[in-house]
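Engineer: So that we are looking at the same thing, I have put the structure below in structure tokens.
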Amino acid sequence: MTLTSPLHAALSSGLHDASEEWSVQVPAATRPDIARDLIDRAVAVDRQWEFAPTVTEAGLAYSPYELLDAANTETLRRIAGRHGWPGFSLVGHPGSEAALRLALRVNEPHHDHAFARTLLRLITAAVERGEATWAQWAHLQDRVSVLNGHDQQYGTQFRTSSSLLEPELYPVGDPQALASRRIAVGLAPHTPPAGPSRPSNPKLAPCPPDSRATCASAS
């Protein structure tokens, strides 16, 4: 797998060069050390997936994925405890995007997902301050919904099939309105997957405040 994201560019070319790849203009990170740590961890996660078939066949007692995710979760927990959601002014856009990647893979004991819900509350507040985007929020909102056994609303979360090479969407609530919901949060529309889907629950995913009409019509 070739890494071509701004995160990989940040690792090889520096935070300043990577931030220029984003269309959104954001201030320079006040904590480039935290940004670097987040980016390095996110790129390490990407690279880990290059070896997914090999690791799966090895039959290890503790998956390297689980160990890496657990370490990244503790890093996010420490950063969030001190700074809230790592937003644009703290870590720049690449650092904030890296934080999102790690948040989407939060590994918690007992599967109570309390920390994932905490991160969702933090990123919601960050969006309202202009420190994160609604598109980032939608990814984490979908993740929390899936973790709690609910349909996702924005079609951002995939699961692997038995082949490990053909990911499929987790169930989407009201797939006919998926495109309009994605557009409302700044995501590109895509065709919903074929197959049955359960009715959506409008309480699962609150709408962005500037898109109430669009989301209400989709509920």
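Following the numbering used here, the numbering of the sequence shown begins with 11 at its first residue and continues without gaps.
From the three backbone atoms N, C-alpha and C, an ideal C-beta is built for every residue, glycine too.
Predicted, not measured: the structure shown is a model, and the values here were computed from it.
Where DSSP assigns a beta bridge to glutamate 178, which residues make up the other side?
Structural biologist: Arg169
Engineer: Compute the beta-carbon to beta-carbon distance between histidine 123 and leucine 157, rounded to the nearest angstrom, for a pair I have assumed lies under 8 Å.
Structural biologist: Indeed, because the Cβ distance is near 5 Å, the residues count as touching under 8 Å.
Engineer: Could you check if valine 55 is buried or exposed, using at least 16 other CB atoms within 10 Å of its CB as the buried criterion?
Structural biologist: buried
Engineer: Between the alpha carbons of glutamine 231 and proline 74, how many angstroms are there, rounded?
Structural biologist: Limits of the chain in this structure are 11 at one end and 229 at the other, which puts residue 231 out of reach.
Engineer: By the three-class DSSP mapping on this structure, what secondary structure does glutamine 58 have?
Structural biologist: helix
Engineer: Once DSSP output is grouped into helix, strand and coil, what is the label at glutamine 146?
Structural biologist: helix
Engineer: Contact defined as beta carbons within less than 8 Å: I believe isoleucine 133 pairs with leucine 150. What is the distance between those atoms, to the nearest angstrom?
Structural biologist: 6 Å
Engineer: Once DSSP output is grouped into helix, strand and coil, what is the label at glutamine 162?
Structural biologist: strand
Engineer: For phenylalanine 168, I'd like the list of residues in its chain whose CB is within less than 8 Å of its CB, leaving aside the five on either flank, ordered along the chain.
Structural biologist: Pro177, Glu178, Leu179 and Tyr180
Engineer: Output the boundary residues of the alpha helix (DSSP H) element that contains asparagine 82.
Structural biologist: 74-93
Engineer: What residue range does the alpha helix (DSSP H) around threonine 134 cover?
Structural biologist: 124-138
Engineer: Would you mind stating whether aspartate 152 and threonine 166 have Cβ atoms separated by less than 7 Å?
Structural biologist: yes
Engineer: Quick one: what's got a C-beta closer than 6 Å to alanine 80's C-beta in the same chain, skipping five residues either side?
Structural biologist: Excluding its 5 nearest sequence neighbours in each direction, alanine 80 has C-beta neighbours in its own chain below 6 Å: Asn117, listed in chain order.
Engineer: What's the C-alpha gap between threonine 128 and glycine 97?
Structural biologist: 15 Å
Engineer: Kindly list the residues whose CB is nearer than 8 Å to the CB of arginine 139, restricted to its own chain and excluding five residues on each side of it in sequence; keep chain order.
Structural biologist: Gly97
Engineer: Would you call the CB atoms of alanine 45 and alanine 39 closer than 7 Å?
Structural biologist: yes
Engineer: Which residue's Cα is closest to the Cα of arginine 41: Pro199, Leu114, Ser106 and Leu78?
Structural biologist: Ser106
Engineer: Leaving out five residues before and five after isoleucine 89 in sequence, what residues of the same chain have Cβ atoms less than 7 Å from its Cβ?
Structural biologist: Taken in chain order, the residues that qualify are Ile44 and Pro96.
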